[in-house]
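The number in our numbering is simply the position in the sequence shown, starting from 1, with 657 added. Idealized CB from N, CA, C, for every residue including glycine. Below: one structure, written as structure tokens.
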Amino acid sequence: MISNNAEIMEEDLKDKYQLEEEDKASLIEYTHKVLNFISKDTLNEDDKKFITKETVDDFKNFVNPGFLEYRKSVTNGGQYASVEWKDAGLNSFIDVSGKEYIDCLGGFGIYNVGHRNPRVLKAVNAQLKHQALHSQDLLDPLRGILAKLLAEITPGKLQYSFFGNSGTEAVEGAIKLAKIHQKKKGKNYFISTVGAFHGKSLGSLSATSKGMFRKPFMPLVSGFKRVFYGDVDMMYKTVRASSMVGEDIAAIILEPIQGEGGVIVPPHDYFAKVKQICEDFDILLIADEVQTGMGRTGKMFCVEHYGVEPDIMCLAKALGGGIMPIGAVIATEDVFSEFFPNPFIHTTTFGGNPLSCAAAIATINVLLEDNMPERAAKMGTYFISELRKVTRKYKNIVKEVRGMGLMIGIEFENDKTGYKVSKGLFDKGILVAGTLINAKTIRIEPPLTIEKAQCDFVCKALDEVLSNI
């Protein structure tokens, strides 16, 4: 009787979940159509209509309709914005309809060496001919080589790297490293800052500050305390008070410049003073360089501006050269050695894969050989100066232009103005966006390869948009 019921249930499941041959054939035809337009260099009018309609419909029905509503708020006439199609040189991209945009968002900081940088693309294509992913069991050479390169270019005694696929994973790795290293000393608490953004997985979200992101998922990972960014006195008092009540701090995690917080540049001596607090109380300093690293601010890593050597550093975004996703957490031997006895204590299937490592190695080559950090410093100085010249005429709506290198923020009096400016620039073929925690600040974060003429075009367009507002 049991056997018969099982057979009946199996037949029912087949009927319920198995694709009908007609549906299967339809899906195969659909995938062929999609693969066909992927392989095309140019699109005809039917292709454009198909891609645009499919994209909007699929986001509405299968991805998240909230993205459509967001795009409507920052584009002209309430349309759903453009549908991306392909890159157009190092600093621009083209939508399906053929309109070109100067990229002043840079994928939230991933395109430091430009869109489809030829050397990065060449390395990835070459590696793809050998092997895309690794077996997980044998030693893979590019992971070791990339770790060596990072040890050479990062400040201080940072030496050992663990590779993941994103900034969030890098922060998760940093938190776990700090926990395992400091737990034996009875130190279990962390300090992060108001305005901080460190990711949205459960651990990294515990360090992130925005209530809108945090509240739906509470309670988060315990043991995180908050201080105001840039306030050394509050940092010291919080560390000392925590020590006095037996809640000793394991690590302090900081962005060298708060990115999503609104491109907030701290006082120049802030990091050095925080580092001194760390040394006085035996606390680890975690530098979250996910957005500020890889030449963005005019140095290879932003902490170099402050003369500080962290115990742990997080990298991602631009590390993959705008071609492949990769994140890294790098630590000193003293800290990372906690992972030595059992290298499987913290792993990820795709982290450190050959394609991503090839992209990162090529990215480091471009940054060093083309002096990209120095270029970012020079172009950033020019761009910030020109943006300030424009915005001085609109002091009633513009509060400040600030930044370092090519990590620039323009803060307005309110969120509404920020959205209007983003929309106006988009209509003129320039992509910018607000910051996630401080929406009244828009970021100007172009590839480090941006040309002077493109900076001038952006400034002229900004002048016209602000004049209309």
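Buried or exposed (CB count within 10 angstroms, at least 16 for buried), residue i
i: Lys779; result: exposed
i: Asn769; result: buried
i: Asp760; result: buried
i: Thr688; result: exposed
i: Arg956; result: In the sequence as displayed, the identity of residue 956 is Lys instead of Arg. So Lys956 counts as buried.
i: Arg1059; result: buried
i: Tyr963; result: buried
i: His791; result: buried
i: Val720; result: exposed
i: Tyr758; result: buried
i: His1164; result: Any property of residue 1164 remains undetermined from this structure, which presents the chain solely from 658 to 1126.
i: Glu917; result: buried
i: Tyr1039; result: exposed
i: Gln784; result: buried
i: Thr699; result: exposed
i: Gly1037; result: buried
CB of residue i within 8 Å of CB of residue j, strictly
i: Gln948; j: Gly766; result: yes
i: Asn748; j: Glu1108; result: yes
i: Ile1018; j: Leu806; result: yes
i: Asp945; j: Glu912; result: yes
i: Glu1043; j: Cys959; result: no
i: Tyr893; j: Pro923; result: no
i: Val896; j: Ile934; result: yes
i: Lys857; j: Phe847; result: no
i: Thr712; j: Val691; result: no
i: Ala789; j: Leu1012; result: yes
i: Asp704; j: Lys697; result: yes
i: Gly984; j: Gly821; result: yes
i: Val920; j: Ile1065; result: yes
i: Glu995; j: Gly763; result: no
i: Leu941; j: Lys932; result: no
i: Thr850; j: Ser866; result: yes
As assigned by DSSP and simplified to three states, the class of residue i
i: Met970; result: strand
i: Ala1034; result: helix
i: Val1023; result: helix
i: Ser818; result: strand
i: Lys1109; result: helix
i: Lys1117; result: helix
i: Phe958; result: coil
i: Met869; result: helix
i: Met891; result: helix
i: Leu941; result: strand
i: Ala789; result: coil
i: Gln948; result: coil
i: Ala853; result: coil
i: Met1029; result: helix
i: Ile708; result: helix
i: Lys756; result: coil
i: Thr1006; result: coil
i: Ser879; result: coil
i: Tyr886; result: coil
i: Gly735; result: With a pLDDT of 48 at Gly735, under the threshold of 50, the modelled position of this residue cannot be trusted; read the value that follows with caution. Three-state DSSP puts Gly735 in a helix.
i: Met981; result: coil
i: Val1055; result: strand
i: Phe719; result: helix
i: Arg1049; result: helix
i: Thr989; result: strand
i: Phe847; result: strand
Beta-carbon separation (whole angstroms), residue i vs residue j, contact threshold 8 Å
i: Ile1099; j: Ala1090; result: 7 Å
i: Ala973; j: Leu799; result: Going by Cβ atoms, the distance from Ala973 to Leu799 rounds to 17 Å, so no, they are not a contact pair.
i: Arg883; j: Gly1062; result: Not quite, the Cβ-Cβ distance comes to about 28 Å (not below 8 Å), so this is no contact.
i: Asp744; j: His772; result: 4 Å
i: Phe1069; j: Val1055; result: 6 Å
i: Ala929; j: Leu834; result: Not a contact, Cβ separation roughly 23 Å.
i: Asp1134; j: Lys1097; result: A question about residue 1134 goes unanswered here, because the residues of the chain that appear run from 658 up to 1126.
i: Val986; j: Ala827; result: 5 Å
i: Ile708; j: Val753; result: 5 Å
i: Leu859; j: Phe874; result: 7 Å
i: Phe993; j: Tyr817; result: 4 Å
i: Gly1075; j: Lys756; result: Actually they are not in contact, since the Cβ atoms of Gly1075 and Lys756 sit about 23 Å apart, beyond 8 Å.
CB contact below 8 Å: residue i versus chain C
i: Asn1010; result: No chain C appears in this structure, which consists of one protein chain only.
(request) Check whether the region 901-909 touches the region 836-845, counting contact only when three or more Cβ pairs, one atom from each stretch, lie closer than 8 Å. (result) yes
(message) Count Cβ pairs between the region 1020-1034 and the region 970-985 that sit closer than 8 Å; are there 3 or more?
(response) yes
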